[in-house]
Amino acid sequence: MKKLLTGDFLGDFDEAALDQFILRDQFRRLKARVENTILHKNDNNDIVVRGDDAFKLEYPLNEESVVRFSSYINTLTDMYLEDCQVYFAMIPDKNYYVQSSSDFLSMDYQKLEALLHDSIKGMTLIDLKDALSLTDYYHTDPHWKQENLDGVLERLRQEMELETDFSSIATTVKRFAPFYGAYYGQSALNLAPDTIEYRVTKASLNAIVKNVEYTGDPDQAPGVYDEQKLGQLDSYDVFLSGSTPLVTIENPDSKTDKELIIFRDSFASSLAPLLIEEYQKITLIDLRYVSRELIGDFVDFEGSDVFFLYSTLIINHSDILK
Amino acid sequence: MLFSSISFIYYFLPIVFSLYFLVPAKYKNLVLLLSSLAFYFFGEPRYTIILIFSTIVDYTHSLIIDKNRGRPAAKLALISSIIINLSILGFFKYSDFFIGNINALFSTDFALLQLPLPLGISFFTFQTMSYTIDVYRNEAGIQKNPLGLATYITLFPQLVAGPIVRYRTIAEEINERTHSFDLFAYGVRRFVIGLAKKVLIANQLGQLYQISVSAQSSSVLFYWMAAIAFSLQIYFDFSGYSDMAIGLGRIFGFHFLENFNYPYISKSISEFWRRWHISLGTWFKDYLYIPLGGNRGSNLSWFRNIIIVWFLTGFWHGANWNFIIWGLYFGLILILEKLFLNQVLVKLPHWLRHVYVCLIVVISFVIFNNEDLAVITLSLKGMFGQLSIPIFNAESIYFLRSYAVILGISIIGATPFARDLIRRGLQSKTSEKIINGLEPVLLLSLLLLVTGYLVDSSFNPFLYFRF
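Residue numbers (my numbering), protein chains in the order written: chain F, 4 to 325; chain L, 25 to 491.
Next up, the structure:
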C-alpha cells in the first residue's frame, strides 16, 4: 500500500514486467539485429561485434579516474607496504588490441600508461601488453583465457624473479562448454559461445582455499576451481568461486615459505591457481568489496611480495574501489 | 504511466479495452473515468486529488454560469474559476520561479517550495479552463452530468501530454458516440505508428543527443548533432504521443483534432506554428490573442498582443527564463515576418525558405532545451564556430556514422513523403490491394520491434511530461 501511495509500485511493476516478459531474449535479439543490420549502428548497448568477438566500448579515458586510482594505491602502499617488494601490472582490456580500427572508439591507452607511470610510486611496473593478444581473451567475455597465460607467466617470472618454470608443470586440461560470457547476454545476439579451459595441477588440486564469504562446511569448501559454478549465471566464477573481498590459497606442498598478496580484480582469479606453484600462500584482496582501511585487520603484509594486478576497466572506473 | 511502456501496452490497455467493450453503453464513461483515474493514480498518486478538485471546481462554476446567464454572477463565476485554475497551476509550477527571482532581485532568502510538478497539470488546467470559458461564451453546452465532465477532463489518452482537447470538440461524443471496427482499426494503426515514432525514432535521437552533449572531445559537428537530434527528437516524441492519444481516442469513439501537420516542411515561422502543437496555438489564439484584440487596431497594439501571447506560450512550457526567451524569440520573429520578412521570403526559392525555418527552429530548441543561459551561449558559439574546437573528430564521426541511418529516417519521416507515397499507391486498385494487405503485417512488425526496443532499453522519457 505504501508503494502504491508513493508511486513506487508502478516502477517496480514496470521493472518486473520487463524482466519477465515472454520471449524476452528473442525480442532483445530482434532489436539487436535491427540495430546491426538495418540501422547499421556501430554498437548495440555499447557492445560492438567484430567477427566472432564482442567488445564493450570503453571510452573515453577518464583521466580523473586514473589519477584517483594511482593516488589510491599510493596511499595503500604508504599504509601497509613499506617493507614489501611491490609490483604493478595493468591488464589491457581486449579493446586495446583493436584500437586502430577506424570503426571503433578506444580510450587513449598511451595517455593512460603515461599517467600511471608518472603517478605510481615505489613499485616495479610490469608491462603485460605484448605478452597478450586478442586471441588470449574470450570471444564473448572481457576476461583473458587461463590456457593462454603462458606469456604472462613468463613475463612475471622474469620481472618478479620467480623460480618456477610454469611451462614444465604436469597439467590436466579440463574444459567446459558452452560458456556464454558477459558480452553474450549484453549483445543479445546469437554469438558462438566460448569454451572455458582450466589447468589442473597437483598444486592446484591440493591447494586449500579459504574464502571469507564461504559459510558452509570447511571440509566441503571449493578448491581453486569451483566446478559447481560451471553452467550457472557466470561460468567464469569457476575460478576461485567468483567475486569475493578476500580469499587465500595455501599450497601445503610448497617447498618455500614465500607469500604473495594480490590486490586484484576478477582477472586474477584465473591467474592465481597457476601462480600457487611458486608460493606457499597467496592472498587475493578485491578492494571493490572491502575498504583499504579495514584490510590491515585481516592481512599481515610483512615479508610478502605484493602485486597490484588491475585491468584497464577498473583503472578507468576507479571510483568502484572502496 | 507511460504509453510507451510494457505495463501500459500489455497490461493496462488490454484490461481497459476488455472492460470498455464488454460493458453496456451507459457504463462506458464510468469505465473510462475509473481507468483514467487509475492511469493517473499509478503515476501520480498524491496529486490525483488535484485532478478531482479541478474537475469539481469547473463543474460547479459552469453550473453557476449556466444558471446566471446575462447576470454579473456568471462573470464572477468565470473569473473565480479562472483564478482557481491558474492559482493551482501557478502554485505548483511557478512558485519557485517567482521565489528565486525575488531572492535574486531583493537579496532575500525565502526558501524554495521544491514541489514536484503534478503530471500533465499544464494540459489539464488549460482543458478545464476552456470548458468553463466556452460555457460562459455559450460556445459549448453545459455538461450537467458530473460523470460526463469528469470523463472529459480525466480522459487518459490526452490527460498528461495533450493534445489539449477542448470540450466543444468532443461534447457530443461524451454523451453519445459510435464504435466500429473501422474506428478501432484506425485507432490501433495510429497508436502503433505513434508508438513507433516515439520508441524507434525519438528515443534513438535522444540517445544521440545525450552522446553529443556528453562527448569527451567537443567539436562543431557534435554541437550541430546535439541541436538537430533534439529538434527531431522533440518532434517525434511529441507528435508520436499525439498520434497515440488520437489513436486511443478513436478506439473509444472520440475524434480529437490533429496536433501536428509536418511542421518541418514549413516555409515560414508563421506557417511552422500553424503546424506545430496546433492545440496549444489555437488555445492561445482563441482564449488570449483574439480577446486581447488580435490584429485589430494599430500595429503597436498588434505587436503588443503577439509579445504577450508568446511570452505566455514560452512561460507555459516551463518556469525558467529560457522558456520565456524562447517564446519571445518566436514572438519577435513572427513580428519581423509580418513587418517585412514574409515579403522577402516569398521571393526566395522553396529550399532556401525551408533552410530558414529549420535554422530558426533548431536554434530555438537550443534555447528551449537548456535552462542555463551560459550553456545556451556556449552551444550557439560551438555551432557557429566561435569556440576553438575542431570541425569534427574521430568521436563525432563515429557517432554520426552510427546514427546516420536513423537521422536519415527521421528527416524523411518528418516530411509527408511516406504519406504521399501511400496516397499515390492507393489510387491504383492493384497497389491499393497490396498496401491494404501489407498494412497489418507492417503494423504488427512495428509493434514487435517496439516491444524488442522496450524490453532491451532503459531510455524512454517523454519530453512533454516536463510541462
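Quick reminder that beta carbons are idealized off the backbone N, C-alpha and C, glycines included. Bear in mind the structure is a predicted one, so any value in this text is a computation, not a measurement.
I need the DSSP call for residue i, collapsed to helix, strand or coil.
{"i": "residue 56 of chain F", "result": "strand"}
{"i": "residue 309 of chain F", "result": "strand"}
{"i": "residue 181 of chain F", "result": "strand"}
{"i": "residue 147 of chain F", "result": "strand"}
{"i": "residue 262 of chain F", "result": "strand"}
{"i": "residue 323 of chain L", "result": "helix"}
{"i": "residue 217 of chain L", "result": "helix"}
{"i": "residue 253 of chain F", "result": "strand"}
{"i": "residue 36 of chain F", "result": "helix"}
{"i": "residue 371 of chain L", "result": "coil"}
{"i": "residue 328 of chain F", "result": "The structure shown does not extend to residue 328 of chain F, since chain F spans only 4 to 325, so no value can be given for it."}
{"i": "residue 353 of chain L", "result": "helix"}
{"i": "residue 296 of chain L", "result": "helix"}
{"i": "residue 290 of chain L", "result": "coil"}
{"i": "residue 228 of chain F", "result": "strand"}
{"i": "residue 169 of chain F", "result": "helix"}
{"i": "residue 179 of chain L", "result": "coil"}
{"i": "residue 121 of chain F", "result": "helix"}
{"i": "residue 396 of chain L", "result": "coil"}
Quick check on residue i: buried or exposed, where buried means 16 or more other Cβ atoms within 10 Å of its Cβ?
{"i": "residue 323 of chain F", "result": "exposed"}
{"i": "residue 162 of chain L", "result": "exposed"}
{"i": "residue 306 of chain F", "result": "exposed"}
{"i": "residue 125 of chain L", "result": "exposed"}
{"i": "residue 4 of chain F", "result": "exposed"}
{"i": "residue 375 of chain L", "result": "exposed"}
{"i": "residue 85 of chain L", "result": "buried"}
{"i": "residue 221 of chain L", "result": "buried"}
{"i": "residue 1 of chain F", "result": "Since the first residue of chain F shown is 4 and the last is 325, residue 1 of chain F is not available in this structure."}
{"i": "residue 82 of chain F", "result": "exposed"}
{"i": "residue 193 of chain F", "result": "exposed"}
{"i": "residue 182 of chain L", "result": "buried"}
{"i": "residue 403 of chain L", "result": "buried"}
{"i": "residue 219 of chain F", "result": "exposed"}
{"i": "residue 483 of chain L", "result": "Note on residue 483 of chain L: pLDDT 46, under 50, position unreliable in the model; the coordinate value appears next. By the neighbour-count rule (16 or more Cβ atoms within 10 Å), residue 483 of chain L is not buried but exposed."}
Comparing C-alpha positions only, which one of the options sits nearest to residue i?
{"i": "residue 216 of chain F", "options": "F:201, F:245, F:193", "result": "F:245"}
{"i": "residue 200 of chain L", "options": "L:361, L:325, L:216, L:172", "result": "L:172"}
{"i": "residue 210 of chain F", "options": "F:235, F:254, F:171", "result": "F:254"}
{"i": "residue 397 of chain L", "options": "L:314, L:149, L:349", "result": "L:349"}
{"i": "residue 207 of chain L", "options": "L:159, L:384, L:275, L:153", "result": "L:275"}
{"i": "residue 135 of chain L", "options": "L:48, L:122, L:449, L:108", "result": "L:122"}
{"i": "residue 312 of chain F", "options": "F:34, F:203, F:90", "result": "F:90"}
{"i": "residue 442 of chain L", "options": "L:423, L:286, L:296, L:404", "result": "L:286"}
{"i": "residue 78 of chain L", "options": "L:113, L:302, L:30", "result": "L:113"}
{"i": "residue 2 of chain F", "options": "F:28, F:179, F:6", "result": "The structure shown has nothing for residue 2 of chain F, since chain F only spans 4 to 325."}
{"i": "residue 98 of chain L", "options": "L:160, L:67, L:191", "result": "L:160"}
{"i": "residue 380 of chain L", "options": "L:467, L:164, L:176, L:365", "result": "L:365"}
{"i": "residue 152 of chain L", "options": "L:91, L:116, L:130, L:74", "result": "L:74"}
{"i": "residue 435 of chain L", "options": "L:41, L:229, L:42", "result": "L:229"}
Who does residue i pair with in a DSSP beta bridge?
{"i": "residue 130 of chain F", "result": "F:93"}
{"i": "residue 288 of chain F", "result": "F:249, F:266"}
{"i": "residue 113 of chain F", "result": "The partner list for residue 113 of chain F (beta bridge, DSSP) is empty, contrary to what the question assumes."}
{"i": "residue 214 of chain F", "result": "F:250"}
{"i": "residue 50 of chain F", "result": "F:47, F:59"}
{"i": "residue 201 of chain F", "result": "F:177"}
{"i": "residue 88 of chain F", "result": "F:308"}
{"i": "residue 32 of chain L", "result": "None, per the DSSP bridge assignment."}
{"i": "residue 242 of chain F", "result": "F:228"}
{"i": "residue 314 of chain F", "result": "F:94"}
{"i": "residue 140 of chain F", "result": "F:147"}
Does the Cβ of residue i lie closer than 7 Å to at least one heavy atom of the ligand ATP?
{"i": "residue 392 of chain L", "result": "The model on display carries no ligand, and the ligand ATP is accordingly not part of it."}
Check the Cβ of residue i against every Cβ in chain B and list those closer than 8 Å, keeping chain order.
{"i": "residue 46 of chain F", "result": "Absence of chain B from the displayed structure is noted, the protein chains being F and L."}
Can you confirm whether the region 415–432 of chain L touches the region 236–246 of chain L when touching is taken to mean that 3 or more C-beta pairs between the two stretches lie within less than 8 Å? yes
The region 302–318 of chain F in contact with the region 197–206 of chain F per 3-pair CB rule at 8 Å: no
Please confirm if the region 246–263 of chain L is in contact with the region 199–217 of chain L, defined as three or more CB-CB distances below 8 Å between the two stretches. no
Stretch-stretch touch, CB-based, cutoff 8 Å, three pairs: the region 62–79 of chain F with the region 109–126 of chain F: yes
Segment contact flag, the region 249–267 of chain F with the region 292–304 of chain F, C-beta cutoff 8 Å, min 3 pairs: yes
Okay, do the region 147–166 of chain F and the region 124–131 of chain F touch, 3+ Cβ pairs below 8 Å being the bar? yes
State whether the region 94–104 of chain F contacts the region 137–146 of chain F, with contact taken as three or more CB pairs (one from each stretch) at a distance under 8 Å. yes
Can you confirm whether the region 333–342 of chain L touches the region 302–310 of chain L when touching is taken to mean that 3 or more C-beta pairs between the two stretches lie within less than 8 Å? yes
Pairs of beta-carbons, one from the region 14–31 of chain F and one from the region 30–49 of chain L, closer than 8 Å: are there three or more? yes
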